[in-house]
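Visitor:
Numbering (our numbering), first residue to last: 158 to 577.
#1: Is the distance from the Cβ of residue 402 to the Cβ of residue 437 below 8 Å?
#2: Any idea which residues DSSP pairs residue 249 with across the strands?
#3: Going straight from the alpha carbon of residue 229 to that of residue 213, what length do you get?
#4: Per DSSP, what are the beta-bridge partners of residue 194 in this structure?
#5: Since residue 416 is in the beta strand (DSSP E), which residue starts that stretch and which ends it?
#6: Residue 577 to residue 295, Cα distance in whole Å?
#7: Measuring straight from C-alpha to C-alpha, what distance separates residue 276 and residue 321?
#8: Any idea what DSSP makes of residue 331, helix, strand or coil?
#9: Starting from residue 551, trace the alpha helix (DSSP H) both ways and give me its first and last residue.
#10: Cα separation between residue 417 and residue 429?
#11: Keeping to the same chain, check which residues put their C-beta closer than 8 Å to that of residue 187; ignore five residues upstream and five downstream.
#12: When you compare each of 308, 240, 328, 356 to residue 290 by their alpha carbons, which one comes out closest?
#13: In terms of residues, what are the limits of the beta strand (DSSP E) holding residue 430?
#14: Work out the CA separation of residue 386 and residue 242 for me, nearest whole Å.
#15: Which one of 314, 358, 476, 444 has the shortest CA to CA distance from residue 226?
#16: Consult DSSP for residue 444 and reduce its assignment to one of helix, strand or coil.
#17: Please name the residue, chosen from 182, 169, 171, that lies closest to residue 498 on a Cα-to-Cα basis.
#18: Leaving out the 5 sequence neighbours to the left and right, which residues in its chain are closer than 8 Å to residue 205 when beta-carbon positions are compared?
#19: May I have the straight-line CA-CA distance separating residue 370 from residue 200, to the nearest angstrom?
#20: Can you tell which of 278, 280, 334, 301 has the C-alpha that lies nearest to the C-alpha of residue 259?
#21: For residue 399, count the other beta carbons within 10 Å of its own beta carbon; 16 or more makes it buried, fewer makes it exposed. Which is it?
#22: Between 492, 410, 474, 388, which lies nearest to residue 458 when the distance is taken from Cα to Cα?
#23: For residue 405, which option in 389, 419, 384 has the closest C-alpha, if you only look at C-alpha atoms?
#24: Residue range of the alpha helix (DSSP H) that residue 567 falls in?
#25: What is the DSSP secondary structure of residue 288, reduced to helix, strand or coil?
#26: Hey, could you find the ends of the alpha helix (DSSP H) residue 454 is sitting in?
#27: If you draw a straight line from the alpha carbon of residue 397 to that of residue 366, how long is it in whole angstroms?
#28: Please look up how many angstroms separate the CB atoms of residue 311 and residue 235, rounded, as I've assumed it's under 8 Å.
#29: Secondary structure at residue 326, three-state DSSP: helix, strand or coil?
#30: Whose CA, out of 504, 480, 506, lies closest to the CA of residue 494?
#31: Can you tell me whether residue 466 is buried or exposed, with buried defined as 16 or more other CB within 10 angstroms of its CB?
#32: Determine which residues share a DSSP beta bridge with residue 168 and list them.
#33: Hey, residue 558 and residue 535 are a contact pair by Cβ (cut 8 Å); roughly how many whole angstroms apart?
#34: Buried or exposed: which applies to residue 325, given that a residue is buried once 16 or more other Cβ atoms fall within 10 Å of its Cβ?
#35: Count the other CB atoms within 10 Å of the CB of residue 244; is the residue buried (16 or more) or exposed (fewer)?
#36: Going by beta carbon distance, what residues of the same chain come within less than 7 Å of residue 560, once the five residues before and after it are set aside?
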């Protein structure tokens, strides 16, 4: 595959085996995303080892992205629960589950979340596929009326906008995961629920702290060849309000549209996507468009026309990468999903509607003349910043060949138009 726009695919039970990973890379996957909301460290270590074996076998650098959960509320029911429209249901935490006599109960894993909830608040489950309105509060939980029903599986994401400001930035689980991720020397660290640049500054300090700690544990000076790029996931209203400082303080941005469409009017999200892509291009930061891009392919071998249009639109907007989540992690057709996305990307890139450079071609020509890097129809560089500088011009007729270190190549694979 020779597409300029990169593909990030989430790895899970459907795709972490070495044979499947090989097929995904051949189909067009450039970066593997590991979702730390699921799986333990032993599973993630095995997945990372498999990815690195595939790299060696195929002689192709594949980026590894660790995505930490952040202060996320999740369902804690042990069995699937069916919610019927109009039904009443009691929401509580795991401790409250032992104290209630209610028959229709949905436990959530955030301790005493109900202290911060208000009457008429809407509880969104699985990016709003199911919705519950709070109608009564009690000592150990709250009663809700099901507005939109469905089947609730365990460990699914829950959004309660009124609680967001009380949830902080990193949890104890995130800190444990972060130390493991630093030890594994992955290429990218995707961070959930970023609100401001201060969050990212404290995270960089933590990464340095864990590197120093691991150096001492090994008993000898350990040279960390990989310090992950921090990819800020934009999924809160506060992040939109502080978007300029967040883009500046990040190494890259992920437009996480699922949670964002709950915090903001959902019809506004596609416009925010376009705005964020342009801001990233201007600041020379890679940007990923994510969430439900080919969601129907979790169950079906073909996407909907609306999903094809969604991916096409993101490519023409100028994103560096498009991302698959459940489609490749737990869906029935992970390889077909990557293959389909690669075909859509190729078609969009070759269309006449994709000829929309956001930065002047004259500036690009002047830059090449000053750097003296042009060789026929490609430019060569071993510097990541320089690769980003070339990439933001989105010149379809010129390739960017990156020849830097192995560690830097792991990051270059995310950048639009860069061959690493």
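Here a beta-carbon is modelled for each residue, glycine too, at the ideal position from N, C-alpha and C.
What you are looking at is a predicted structure, and each value in this text was computed from that prediction instead of being measured.
Guide: On the basis of the data shown:
#1: Numbered from 1 along the chain shown, position 245 holds the residue referred to as residue 402. Numbered from 1 along the chain shown, position 280 holds the residue referred to as residue 437. Judged by their CB atoms, residue 402 and residue 437 are not nearer to each other than the 8 Å cut-off.
#2: Translated into the one-based positions of the chain shown, residue 249 becomes position 92. Under DSSP, the beta-bridge partners assigned to residue 249 are 264.
#3: Against the chain shown, residue 229 aligns to sequence position 72. Against the chain shown, residue 213 aligns to sequence position 56. Looking at the two C-alpha atoms, the distance is approximately 36 Å.
#4: Position 37 of the chain shown, counted from the first residue, corresponds to residue 194. In DSSP, residue 194 forms no bridge with anything.
#5: One-based indexing of the chain shown puts residue 416 at position 259. No beta strand (DSSP E) holds residue 416; the alpha helix (DSSP H) holding it covers 414-420.
#6: By 1-based counting over the chain shown, the position of residue 577 is 420. By 1-based counting over the chain shown, the position of residue 295 is 138. Approximately 57 Å, taken between the alpha carbons.
#7: For this step, residue 276 is matched to residue 119 along the chain shown. For this step, residue 321 is matched to residue 164 along the chain shown. Distance between the alpha carbons of residue 276 and residue 321 is about 16 Å.
#8: Position 174 of the chain shown, counted from the first residue, corresponds to residue 331. It is helical.
#9: Translated into the one-based positions of the chain shown, residue 551 becomes position 394. Run containing residue 551: none; DSSP gives neither H nor E here.
#10: Walking along the chain shown from the start, residue 417 turns up at place 260. Walking along the chain shown from the start, residue 429 turns up at place 272. Roughly 10 Å separates the two Cα atoms.
#11: For this step, residue 187 is matched to residue 30 along the chain shown. Apart from the 5 residues on each side of it in sequence, residue 187 sits with its Cβ closer than 8 Å to the Cβ of 163, 164, 165, 219, 220, 478, 570, 571 in its chain, given in chain order.
#12: On the chain shown, position 133 is the one that residue 290 refers to. Considering only alpha carbons, the answer is 240.
#13: Stepping through the chain shown from its first residue, residue 430 is reached at position 273. No beta strand (DSSP E) contains residue 430, which is instead part of the alpha helix (DSSP H) from 426-439.
#14: In the chain shown, the residue the question calls residue 242 occupies position 85. In the chain shown, the residue the question calls residue 386 occupies position 229. Just so you know, the alpha carbons of residue 242 and residue 386 end up roughly 44 Å apart.
#15: To locate residue 226, count along the chain shown from 1; it is residue 69. Residue 226 has its Cα closest to that of 314, out of 314, 358, 476, 444.
#16: Within the chain shown, the letter at position 287 stands for residue 444. For residue 444, the secondary structure class from DSSP, reduced to helix, strand or coil, is strand.
#17: The count along the chain shown starts at 1 and reaches residue 498 at position 341. With distances taken between Cα atoms, residue 498 lies closest to 182.
#18: Within the chain shown, numbered from 1, the residue matching residue 205 stands at position 48. Contacts found: 191, 221, 341, 343.
#19: If you number the chain shown from 1, residue 370 lands on position 213. If you number the chain shown from 1, residue 200 lands on position 43. Spanning the alpha carbons of residue 370 and residue 200 requires a straight line of approximately 23 Å.
#20: Working through the chain shown from its first residue, we reach residue 259 at position 102. Of the candidates 278, 280, 334, 301, the one whose C-alpha sits nearest the C-alpha of residue 259 is 301.
#21: Here residue 399 is taken as the residue at index 242 of the chain shown, counted from 1. Classification of residue 399: buried, given that the 10 Å Cβ count is 16 or more.
#22: Within the chain shown, residue 458 is the residue found at index 301, counting from 1. With distances taken between Cα atoms, residue 458 lies closest to 492.
#23: As a position in the chain shown, residue 405 is number 248, starting the count at 1. Among 389, 419, 384, the Cα nearest to that of residue 405 belongs to 389.
#24: By one-based count along the chain shown, residue 567 stands at place 410. Residue 567: member of the alpha helix (DSSP H) spanning 563-569, first to last residue.
#25: Residue numbering aside, residue 288 sits at position 131 when the chain shown is read from its first letter. Secondary structure of residue 288 (DSSP, three-state): strand.
#26: Working through the chain shown from its first residue, we reach residue 454 at position 297. First-last for residue 454: undefined, no H or E at that position.
#27: Start at 1 with the first residue of the chain shown, and residue 397 comes out as number 240. Start at 1 with the first residue of the chain shown, and residue 366 comes out as number 209. Taking the straight line joining both Cα atoms gives about 29 Å.
#28: By one-based count along the chain shown, residue 311 stands at place 154. By one-based count along the chain shown, residue 235 stands at place 78. Taking C-beta atoms under 8 Å as the contact rule, residue 311 and residue 235 qualify, at a distance of about 6 Å.
#29: Numbered from its first residue, the chain shown carries residue 326 at position 169. Of the three classes helix, strand and coil, the one that applies to residue 326 here is coil, per DSSP.
#30: What you label residue 494 is simply residue 337 of the chain shown in a count that begins at 1. Its Cα nearest to that of residue 494, the residue 480 stands out among 504, 480, 506.
#31: Position 309 of the chain shown holds residue 466. Residue 466 should be labelled exposed.
#32: Looking up residue 168 in the chain shown gives position 11. DSSP lists 191 as partners of residue 168.
#33: Translated into positions along the chain shown, residue 558 becomes position 401. Translated into positions along the chain shown, residue 535 becomes position 378. Approximately 5 Å separates the beta-carbon atoms of residue 558 and residue 535; this is inside 8 Å, confirming the contact.
#34: The sequence position of residue 325 within the chain shown is 168, counting from 1. With fewer than 16 other Cβ atoms within 10 Å, it is exposed.
#35: Here residue 244 refers to the residue found at position 87 when the chain shown is read from its first residue. Flag for residue 244 reads exposed.
#36: What you label residue 560 is simply residue 403 of the chain shown in a count that begins at 1. Short of 7 Å from the beta carbon of residue 560, and not among the five residues preceding or following it, lie these beta carbons of its own chain, in chain order: 537, 539.
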